[in-house]
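Input: a single structure, listed below in structure tokens.
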Amino acid sequence: MSLNMPSNLIAAPARSGRLVNAMALAGLLAATLALSACGRNEEAAAKAAPAAAAQEQDPLEVHIAAEMASNFAVKPVAKAQIAPLQEVSGRIEANERQVTRIGAAVTGRVTDVLVEVGDRVRPGQVLARVASPELTTAQLAYLRAHSAATLAERGVERARQLIAADVIGSAELLRRESELSIARAEQRAAGDQLRLIGIPDGAIAQLRDKGTLQSHAAVLATGAGVVIERKVSSGQVAQPGDPLFTVADLASVWVVGAIPEQLANGVRAGQSVEISVPALGERNLSGQIVYVGDTVTPETRTVTIRTQVDNPERDLKPQMLAVMRIQGEARELLAVPADAVVRENDRDHVFVQKGENHYRLTPVDLGAVSGGLRPVVKGVTEGTSIVTTGAFHLNNERKRAELE
2 MSLNMPSNLI
12 AAPARSGRLV
22 NAMALAGLLA
32 ATLALSACGR
42 NEEAAAKAAP
52 AAAAQEQDPL
62 EVHIAAEMAS
72 NFAVKPVAKA
82 QIAPLQEVSG
92 RIEANERQVT
102 RIGAAVTGRV
112 TDVLVEVGDR
122 VRPGQVLARV
132 ASPELTTAQL
142 AYLRAHSAAT
152 LAERGVERAR
162 QLIAADVIGS
172 AELLRRESEL
182 SIARAEQRAA
192 GDQLRLIGIP
202 DGAIAQLRDK
212 GTLQSHAAVL
222 ATGAGVVIER
232 KVSSGQVAQP
242 GDPLFTVADL
252 ASVWVVGAIP
262 EQLANGVRAG
272 QSVEISVPAL
282 GERNLSGQIV
292 YVGDTVTPET
302 RTVTIRTQVD
312 NPERDLKPQM
322 LAVMRIQGEA
332 RELLAVPADA
342 VVRENDRDHV
352 FVQKGENHYR
362 LTPVDLGAVS
372 GGLRPVVKGV
382 TEGTSIVTTG
392 AFHLNNERKR
402 AELE
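Just so you know, we're using my numbering here: the sequence shown kicks off at 2 and counts up by one.
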């Protein structure tokens, strides 16, 4: 007996086989694509890793090759005996003990100004002239005193003649001699008043002998020096006590500076000071501190210090800038060699060793150089290993690596 199966049942197994094959092929393709994507991701991640590591690296750190290590010396930070050198900005000023402020002795109008700032003057030199009614009054007072003294002298001479003739007693002679003493004292006082006003002795003699009146009072220099200030002009009305001129003897000058209050305890009178004046080039001066202020300037929190310097050639001028270097007493301080310091971004730095051939640029606060060493204020501690030789070249290496 033959069995006739439907054609659709015969074709079903064939279609099912083809479907299985298609699904297997699709799976294989998906697996291939997945593996390819994974490979690409791993390759991208491998390429991105160095870039990320470079971004995370500290720009202040530097790694050097082993063959370069011999170019650098590393030593621990230690204490040393240091005489700290403090640098203080200052300026040249006139020695106030040799400064004279000169004014008119009478009220009047200034008619002539005979000197200017910078002129050298000698004692008794006329600096200005003043027209004043007080001058006329003082001269007339001197004439009256001179006349009274002359009459008193004649009275004494007459009394002596009368005593010799036995006309008067000795009491009358004593009275007249007393009057003469008073008259002469008044004449001297009137003459001193004229000298104070500015009338020279020659003019006073002419006034006494010929009655010649002076029309102007002179403003006289009381000592030798240089005119460093003038506060008067022709036509100005001057009052007694007004400082019209300032004359300074610049044979010695002051160098004045201001030291921070926290450093003032290390400075005292008598300490040696080395002074440099930029206007004089490489020339250095030496002196001693003669004054340390007892108060603190509230605006700047500084203490005034002063030293005195001889100036025989007058090349130190008031208001010149100066730098005072004060050598303190030797003390044991934490210090680093000056050659270990690198200046970067207006700050001092040293290279601290972080590991083998691995260093980091570290900011520090340091004092002034003294004997090739700089005292440490803050930034590193005792025992910290730092580069003491080749720090400059190591910093160049750090910059090169940072650029790369």
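Beta carbons: idealized from backbone N, C-alpha and C, even for Gly.
Annotation for L362: no alpha helix (DSSP H) segment contains it, though the beta strand (DSSP E) segment containing it runs H359 to L367. E262 has its alpha-carbon roughly 29 Å from the corresponding atom of D340.
Under the criterion of beta carbons closer than 8 Å, Q289 and V268 do not qualify as touching, at roughly 12 Å. Beta bridge pairing from DSSP links N285 with S277.
When the beta-carbon positions are compared, V324 and I276 come within less than 9 Å of each other. The Cβ atoms of D250 and G271 do not sit closer than 9 Å to each other. Measuring C-alpha to C-alpha distances from T151 to each of D366, S179 and A184 identifies A184 as the nearest. For the options Q320, S287, F393 and R332, the alpha carbon positioned closest to that of V310 is the one of S287. Note on geometry: alpha-carbon atoms of V248 and V127 lie some 13 Å from one another. Across the set V228, A84, R361 and V351, the C-alpha of A84 shows the shortest separation from the C-alpha of G329.
Taking the CA atoms as reference points, A369 sits about 6 Å from Q87. With fewer than 16 other Cβ atoms inside 10 Å of its own Cβ, Y292 counts as exposed. By the neighbour-count criterion, in which 16 or more other beta carbons inside 10 Å mark a residue as buried, N396 falls on the buried side.
Sixteen is the threshold: when 16 or more other Cβ atoms of the shown chains lie within 10 Å of the Cβ of P338, as they do, the residue is buried. Here Q188 has A146, H147 and A150 as same chain residues with Cβ atoms under 6 Å from its own Cβ, once five neighbours each way along the sequence are excluded. Per the coordinates, the alpha-carbon of T298 lies some 12 Å from the alpha-carbon of I306. The shortest C-alpha to C-alpha distance from V89 to any of S386, R130, T308 and L61 is the one to T308.
Per the Cβ contact rule, the stretch 90-102 is in contact with the stretch 215-234 (3 or more Cβ pairs under 8 Å). Pairing L175 with A106, the inter-Cα distance amounts to about 38 Å. For F246, no alpha helix (DSSP H) segment is defined; the enclosing uninterrupted segment is the beta strand (DSSP E) at F246 to A249. Your pair I198 and A139 checks out as a contact, with CB atoms roughly 6 Å apart and the cut at 8 Å. The beta carbon of P77 lies closer than 6 Å to those of G384 and S386 in the same chain, with the five residues before and after it left out.
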